[in-house]
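Chemist: Reading the sequence shown from the start, the letters are residues 58 to 645 in this note's numbering. Before anything else, here's the structure in question.
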Amino acid sequence: MADEAVAHTLLNCLLREVSGPERQTAVRGGRLLVRLPRRGVLLRVGLRRTSLLGAHRFTGPVAERCDGGWAEVGWRRLAEYAHDELFLRTGLRNDEFGEQIASSHRGVTAALATRTAEAAPHTAQRPDDASDPVAARYLDSERSLLLGHRFHPTPKARSGDARSWSAYAPEAGAAFPLRLFAVRADLAAEETAVPGAAAPLDGLCGDVPEGCVPEGYVLLPAHPWQYELLREHPGLRAALERGDVLDLGTGGRPFAATASVRTLYDGETFLKFSLNVRITNCLRKNSRYELSGAVALTRLLEPALTELAARFPAAAVLREPAYRSLALPADGTTGTGRDEPDRALLEGFGVIVREGLRERLLPGTTPLLAAAVADEYPTGPAHASRLLAGAGPRAVLDWWSAYLRLLVPPVLAAYFDHGVVLEPHLQNVLLCVDADGGPAQVLFRDLEGTKLLPGHHAEALAALPAEVAEPMTYEAQRGWDRVVYCLLVNHIAEMLAVLADLHPRQEAALWGRVRAVLRDYARQYGCPPQLSALLAGVPLPAKANLLTRWERRADREAGYVRLPSPLAGKALSGAPSGTARTDPWSDR
């Protein structure tokens with residue numbers, strides 16, 4: 058399964074970013090043909106279902122045309138073909154690419170193995186062991202992403218040794234205590250958006266014997282894996298020897314790994330730790346500007362979020378009102394946090410406090426990770442096929458309309474009315490369902506991807522340090538592309554796809570419901586030019602994950618490819634995108 062999953066994911070990326078835009082694809086006889094024109098390779102794969110967006114569902118092995126016939130091509134050879142095509146197209150070399158795909162293959166293999174192996178010892182302590190069925194179901198959804206993003210070439214690529222991954226990976230059901238330190242108060246960096254916002258960190262003092270955090274010290278938790286990665290840092294070792302930092306050992310309270318790996322949950326609060334491990338694209342550490350930016354955004358967004366909550370009471374954003382870290386002087390002296398801090402330690406030990414679910418969750422609802430609901434394969438109990446088991450076409454359409462009415466309006470209002478670019482991709486949204494599995498609320502999370510439009514927030518941005526303000530902004534067009542990509546292409550299209558898997562003939566009707574919700578928003582709140590163009594069916598921006606990875610660009614600098622929009626009236630006739638009206642290729 059891992060071989061096929063990796064090959065299908067890589068083919069998805071080639072289809073979306075290379076062969077599709079260059080019109081080098083065709084659908085014929087239940088198969089998809091994909092040509093890599095520069096490498097001179099013709100590929101073929103079976104289709105379970107075609108897609109109006111061109112995001113087809115594949116089945117079986119990928120094959121290549123050779124010697125007048127077809128021969129299976131494994132994921133390694135397909136990766137070599139992708140490597141060659143991208144080099145010939147861009148003129149750039151990327152010697153990391155092959156190993157990153159191999160790393161992703163190892164990650165998928167390990168994730169799939171967790172579903173057949175017995176529970177590992179480290180899963181014995183779980184925050185949901187207290188027989189809370191809501192917490193257990195929620196955490197199951199966070200732990201069910203076995204294959205990762207199907208339009209990213211290396212969705213499960215990761216650095217770090219296999220033992221560490223098995224101990225801390227969400228797919229393995231990892232739950233573990235934190236490493237706790239007492240830090241001299243004047244050597245602790247901290248910002249809060251409101252008084253008492255750091256209380257969840259101070260509350261961890263209950264996990265150590267009374268008196269272990271002396272007067273004049275504050276408690277600082279660390280991800281245990283991160284501590285192992287930083288424990289030999291000279292500045293940290295010296296601070297421990299001087300007594301500026303006290304190692305209190307491990308706490309008693311287990312925290313569960315969520316889908317992002319480094320964000321942990323104890324049933325009350327989310328703590329987003331730094332983790333100097335490469336996951337997908339980059340090291341997952343809280344950069345200095347991100348620590349301050351999370352708190353600044355929480356403070357700046359409060360009026361907008363309050364207004365949106367009043368207008369859309371079934372949608373909410375989880376705030377990030379505090380961070381704390383270690384601010385040892387960079388020169389290694391016994392100074393204070395007012396000196397220039399050692400950046401590696403400041404960022405490496407930075408922890409962001411995120412609101413827990415109870416602060417925003419509507420009574421009687423169960424939160425589920427949207428990515429788990431929309432996964433291509435039913436890898437967890439939150440999957441749409443289980444939420445909607447036995448539902449007929451009309452019931453699925455009604456469920457879909459209810460979900461869209463929760464999700465779409467607050468995202469558009471945030472952008473058009475408040476100049477706020479939310480990032481509602483599948484891993485950043487929790488779908489909260491009622492007792493019958495119906496959509497009742499949506500929660501947006503992770504302020505790292507939330508940005509501001511400078512034209513709306515010039516005064517507030519000017520009051521922030523430049524290194525914090527600049528990464529917090531998108532100019533208007535880039536912000537709109539990000540909103541449309543995250544909302545429509547990454548989220549809605551993938552959720553719609555899993556519903557269309559249940560009733561394939563309903564795909565056009567499902568897209569019709571998307572158009573209806575957009576049109577209703579325009580009638581009720583106004584139709585700015587960007588929304589008018591969207592309703593007219595202009596091409597949709599899709600993040601170019603393959604090209605971004607190949608060119609080694611930062612995620613913020615990722616480009617977009619344009620996809621034919623299923624929102625255009627003629628697209629709703631049911632003809633799949635990428636289907637040639639007159640097929641110029643022979644499949645024989």
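Beta carbons are placed, not taken as given, at the ideal position from N, Cα and C, and that holds for glycine. Everything numeric in this text was worked out from a predicted model, so none of it was measured.
(1) Classify tyrosine 563 as buried or exposed, calling it buried when 16 or more other Cβ atoms lie within 10 Å of its own Cβ.
(2) Using C-beta distances below 6 Å, list every residue in its chain close to alanine 625, excluding the 5 sequence neighbours before and after it, in chain order.
(3) So, using beta-carbon positions, are glutamate 377 and threonine 355 closer together than 7 Å?
(4) Quickly, what does DSSP pair arginine 617 with across the bridge? List them, please.
(5) Identify every residue that forms a DSSP beta bridge with aspartate 304.
(6) Can you look up proline 370 in the DSSP assignment and give me helix, strand or coil?
(7) According to DSSP, which residues form a beta bridge with alanine 313?
(8) Would you mind working out which of Trp282, Asp304, Val119 and Leu419 sits nearest leucine 71, comparing C-alpha positions?
(9) For a minimum of 4 consecutive residues, which ranges assigned as the alpha helix (DSSP H) are wholly contained in the stretch 544 to 583?
(10) Would you give the residue range spanned by the beta strand (DSSP E) that proline 650 belongs to?
(11) Rounded to the nearest angstrom, what separates isoleucine 409 and alanine 351 at their Cα positions?
(12) If you compare alpha carbons, which of His482, Glu199, Ala515 and Gln534 is closest to alanine 439?
(13) Evaluate glutamine 484 with the Cβ neighbour count: other Cβ atoms within 10 Å of its Cβ, from every protein chain shown; 16 or more gives buried, anything less gives exposed.
(14) To the nearest angstrom, how far is it from the Cα of alanine 371 to the Cα of glycine 476?
(15) Beta-carbon within less than 7 Å of histidine 560's beta-carbon, same chain only, minus the 5 sequence neighbours each way: which residues are those?
(16) Could you pull the DSSP bridge partners for glutamate 129 from this structure?
(17) Please classify glycine 407 as buried or exposed, where buried requires at least 16 other C-beta atoms within 10 Å of its C-beta.
(18) What is the rounded straight-line gap between the Cα of aspartate 503 and the Cα of glutamate 347?
(19) To the nearest whole angstrom, what separates the beta carbons of glycine 103 and arginine 88, a pair I think is in contact under 8 Å?
(20) Taking the alpha carbon of valine 618 as the reference point, which residue from Glu156, Leu603 and Gly260 has its own alpha carbon closest?
(21) Taking only three categories from DSSP, how would you classify serine 108?
(22) On the criterion of 16 or more Cβ atoms from any shown chain inside 10 Å, does glutamine 498 qualify as buried, or is it exposed?
(23) With a threshold of 8 Å, are at least 3 pairs of Cβ atoms found where one atom belongs to the stretch 210 to 217 and the other to the stretch 330 to 339?
(24) So, leucine 287 versus alanine 239, is the Cβ gap smaller than 7 Å?
(25) Do valine 478 and arginine 539 count as a contact pair if the criterion is CB distance below 7 Å?
(26) Would the beta-carbon of phenylalanine 501 be found less than 6 Å away from any heavy atom of the ligand NAP?
(27) Any contact between the stretch 510 to 520 and the stretch 539 to 553? By contact I mean 3 or more CB pairs, one from each, below 8 Å.
(28) At the level of alpha carbons, what is the spacing between leucine 169 and valine 430?
(29) On a Cα-Cα basis, can you pick out the residue from Arg400, Val574, Asp399 and Asp388 that is closest to tyrosine 460?
(30) Which word fits arginine 572, buried or exposed, when buried means at least 16 other C-beta atoms lie within 10 angstroms of its C-beta?
(31) To the nearest angstrom, how far is the alpha carbon of valine 265 from that of glycine 308?
(32) Below 8 Å, can you find three or more Cβ-Cβ pairs linking the stretch 227 to 238 to the stretch 94 to 114?
(33) Roughly how many angstroms lie between the CA atoms of tryptophan 607 and glutamate 74, to the nearest whole one?
(34) Can you tell me whether alanine 242 is buried or exposed, with buried defined as 16 or more other CB within 10 angstroms of its CB?
(35) Terminal residues of the continuous alpha helix (DSSP H) containing glutamate 377?
(36) Helix, strand or coil: how does DSSP classify glycine 292 here?
Modeler: Once the coordinates are examined:
(1) Position 506 of the sequence shown, counted from the start, is the residue given in the question as residue 563. The question names tyrosine, yet the displayed sequence has glutamine at residue 563. The residue is buried, with at least 16 neighbouring Cβ atoms inside 10 Å.
(2) By 1-based counting over the sequence shown, the position of residue 625 is 568. Hits under 6 Å: Gly594.
(3) By 1-based counting over the sequence shown, the position of residue 377 is 320. By 1-based counting over the sequence shown, the position of residue 355 is 298. A contact, by the Cβ cut-off of 7 Å.
(4) Looking up residue 617 in the sequence shown gives position 560. For the record, residue 617 in the displayed sequence is tyrosine; it is not arginine. DSSP lists Lys600 as partners of tyrosine 617.
(5) Residue numbering aside, residue 304 sits at position 247 when the sequence shown is read from its first letter. Answer is Phe238.
(6) For this step, residue 370 is matched to residue 313 along the sequence shown. DSSP places proline 370 in coil when its eight states are reduced to three.
(7) In the sequence shown, the residue the question calls residue 313 occupies position 256. Paired residues: Ala232 and Tyr322.
(8) In the sequence shown, counting from the first residue as 1, residue 71 sits at position 14. Per the Cα distances, Val119.
(9) 550 to 559 and 564 to 582
(10) Residue 650 lies beyond the stretch modelled for the chain, which goes from 58 to 645, so this question has no answer here.
(11) The sequence position of residue 409 within the sequence shown is 352, counting from 1. The sequence position of residue 351 within the sequence shown is 294, counting from 1. Rounded to the nearest angstrom, the two C-alpha atoms are 8 Å apart.
(12) Stepping through the sequence shown from its first residue, residue 439 is reached at position 382. Out of His482, Glu199, Ala515 and Gln534, Glu199 has the C-alpha closest to the C-alpha of alanine 439.
(13) Residue 484 sits at position 427 when you count from the first residue of the sequence shown. Glutamine 484 comes out buried.
(14) In the sequence shown, residue 371 corresponds to position 314, counting from 1. In the sequence shown, residue 476 corresponds to position 419, counting from 1. Their backbone Cα atoms lie some 21 Å apart in a straight line.
(15) As a working note, residue 560 is residue 503 in the sequence shown. Around histidine 560: Pro450 and Val453.
(16) Sequence index remark: in the sequence shown, residue 129 carries index 72 (1-based). Partner(s): Ala120.
(17) Locating residue 407 in the sequence shown gives position 350, where the first residue counts as 1. Buried.
(18) As a first step, residue 503 is located in the sequence shown; it is residue number 446 there, counting from the start. As a first step, residue 347 is located in the sequence shown; it is residue number 290 there, counting from the start. Approximately 11 Å between the Cα atoms of the pair.
(19) Reading the sequence shown from its first residue, position 46 is the one you call residue 103. Reading the sequence shown from its first residue, position 31 is the one you call residue 88. Right, the Cβ-Cβ distance comes to about 6 Å (below 8 Å), so this counts as a contact.
(20) Position 561 of the sequence shown holds residue 618. The candidate whose alpha carbon is nearest that of valine 618 is Leu603.
(21) Within the sequence shown, residue 108 is the residue found at index 51, counting from 1. The answer is coil: DSSP assigns serine 108 none of H, G, I, E or B.
(22) Taking the first residue of the sequence shown as 1, we reach residue 498 at position 441. With 16 or more other Cβ atoms within 10 Å, it is buried.
(23) yes
(24) Position 230 of the sequence shown, counted from the start, is the residue given in the question as residue 287. Position 182 of the sequence shown, counted from the start, is the residue given in the question as residue 239. In this structure, alanine 239 does not lie closer than 7 Å to leucine 287 by Cβ.
(25) Walking along the sequence shown from the start, residue 539 turns up at place 482. Walking along the sequence shown from the start, residue 478 turns up at place 421. In contact: arginine 539 and valine 478 (Cβ atoms closer than 7 Å).
(26) Among the components of this structure there are no ligands whatsoever, and the ligand NAP is therefore not found.
(27) no
(28) Counting from one through the sequence shown, the residue named residue 169 turns up at place 112. Counting from one through the sequence shown, the residue named residue 430 turns up at place 373. Near 18 Å, if we compare the C-alpha coordinates of valine 430 and leucine 169.
(29) Within the sequence shown, residue 460 is the residue found at index 403, counting from 1. The option with the nearest alpha carbon to tyrosine 460 is Val574.
(30) For the purposes of this step, residue 572 is taken as the residue at position 515 of the sequence shown. Buried is the call here.
(31) Taking the sequence shown and counting its residues from 1, one reaches residue 265 at position 208. Taking the sequence shown and counting its residues from 1, one reaches residue 308 at position 251. Roughly 6 Å between the two C-alpha positions.
(32) no
(33) Here residue 607 corresponds to residue number 550 of the sequence shown, with the count starting at 1. Here residue 74 corresponds to residue number 17 of the sequence shown, with the count starting at 1. Going from the Cα of tryptophan 607 to the Cα of glutamate 74 covers about 12 Å.
(34) Mapped onto the sequence shown, residue 242 falls at position 185. It is exposed - the Cβ of alanine 242 has fewer than 16 other Cβ atoms within 10 Å.
(35) Counted from its first residue, the sequence shown places residue 377 at position 320. Neither: glutamate 377 is in no alpha helix (DSSP H) and is coded neither H nor E.
(36) Here residue 292 is taken as the residue at index 235 of the sequence shown, counted from 1. Residue state, collapsed to three classes: helix.
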